[in-house]
């Protein structure tokens, strides 16, 4: 098993990250998080270029700010702002799904989720509760990964819901970490800019411009976690300057780049999404 232990100073206990040892469906990343702390877990979720699924693999509910408690599995859509998701258990399974793959695997387009954080049961019906019961009853992380992988494979639609032009545009934005001229993408496919903007937004849940900003933000987070200095991160990620980077960081995370670089809990969150 690929297991990495993370100690977080000034916080009781430590965390382990578990990664699948077998291949996953295309566009899916999966991580198991084990908390060795007596405290409830909290996952700080910033807007990102993906759809998340969080499953508490114990028996407690999952909560978000302002909610009394959702079921033990939630889908985190295209967030307009950072949010915190928490629970009382010690083991959490997290999926990170490319929006291009999300509709075919979850059965609903990202733009149609109905809210930034929704119960997985609202998307999958009773099969969500059935899957969670099996995850709770299973102690092995690799077996849990296999259960989720099988559930996704069983629901996968044979034909993609996304236009090939939109899929290609998303791929370019992702691999170039947002460093693309969004206005040139429509010309690439022979579409009007209005049509491209509408089709992309309807099928991914975000505008092309926001997708590029989120891809750049994710790259910058990982560069900070790797220890690069702020000036280098700003330059290599394509921000106009450090002030520009700081504005976008505060918009997406509520924190400045230097605050995130110095916060071990944020560093843990970045590591958890790097698999």
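In full-length UniProt numbering, the protein residues as written are 1 to 275.
Every residue, glycine too, gets a C-beta built ideally from N, C-alpha and C.
Residue from the options whose Cα sits closest to the Cα of residue i
i, options, result
"residue 229", "259, 210, 209, 252", "259"
"residue 219", "42, 116, 177, 18", "177"
"residue 35", "20, 86, 26, 75", "86"
"residue 157", "126, 56, 83, 101", "101"
"residue 257", "217, 238, 240", "217"
"residue 174", "73, 210, 116", "210"
"residue 212", "165, 97, 188, 179", "179"
"residue 48", "55, 22, 99", "99"
"residue 79", "261, 252, 42", "252"
"residue 125", "75, 83, 244, 15", "75"
"residue 25", "15, 88, 97", "97"
"residue 89", "233, 113, 15", "15"
"residue 115", "142, 164, 64, 93", "64"
"residue 93", "130, 142, 103", "142"
Collapsed DSSP secondary structure at residue i in the structure displayed
i, result
"residue 216", "helix"
"residue 84", "strand"
"residue 251", "helix"
"residue 31", "strand"
"residue 240", "coil"
"residue 257", "helix"
"residue 73", "strand"
"residue 16", "strand"
"residue 130", "helix"
"residue 44", "strand"
"residue 204", "helix"
"residue 64", "strand"
"residue 136", "helix"
"residue 94", "strand"
"residue 104", "helix"
"residue 56", "strand"
"residue 117", "strand"
"residue 275", "Residue confidence for residue 275 is low, a pLDDT of 47 falling below 50, so the modelled location carries little weight; the figure read from the coordinates is stated next. Residue state, collapsed to three classes: coil."
Presumed contact (8 Å Cβ cut-off) between residue i and residue j, rounded CB distance
i, j, result
"residue 45", "residue 95", "With 8 Å as the limit, residue 45 and residue 95 do not qualify as a contact, their Cβ atoms being about 13 Å apart."
"residue 120", "residue 73", "4 Å"
"residue 186", "residue 196", "4 Å"
C-alpha distance - residue i paired with residue j, whole-angstrom precision
i, j, result
"residue 324", "residue 248", "Shown here, the chain extends from 1 to 275; a query on residue 324 therefore has no answer."
"residue 58", "residue 91", "7 Å"
"residue 20", "residue 144", "9 Å"
"residue 150", "residue 32", "16 Å"
"residue 162", "residue 61", "33 Å"
"residue 51", "residue 77", "5 Å"
"residue 222", "residue 168", "24 Å"
"residue 171", "residue 117", "25 Å"
"residue 122", "residue 29", "22 Å"
"residue 127", "residue 154", "11 Å"
"residue 23", "residue 56", "23 Å"
"residue 193", "residue 166", "13 Å"
"residue 132", "residue 266", "27 Å"
"residue 235", "residue 160", "36 Å"
"residue 17", "residue 134", "20 Å"
"residue 198", "residue 191", "11 Å"
"residue 231", "residue 240", "11 Å"
"residue 42", "residue 188", "42 Å"
"residue 140", "residue 108", "29 Å"
"residue 254", "residue 208", "22 Å"
"residue 203", "residue 181", "20 Å"
"residue 215", "residue 227", "19 Å"
"residue 246", "residue 84", "21 Å"
"residue 262", "residue 250", "15 Å"
"residue 113", "residue 137", "28 Å"
"residue 233", "residue 242", "9 Å"
Pair within 7 Å by beta-carbon distance, residue i and residue j
i, j, result
"residue 111", "residue 205", "yes"
"residue 152", "residue 105", "yes"
Residue i: CB within 6 Å of a non-hydrogen atom of the ligand NAD
i, result
"residue 221", "Among the ligands in the structure shown, none appear at all, so the ligand NAD cannot be discussed."
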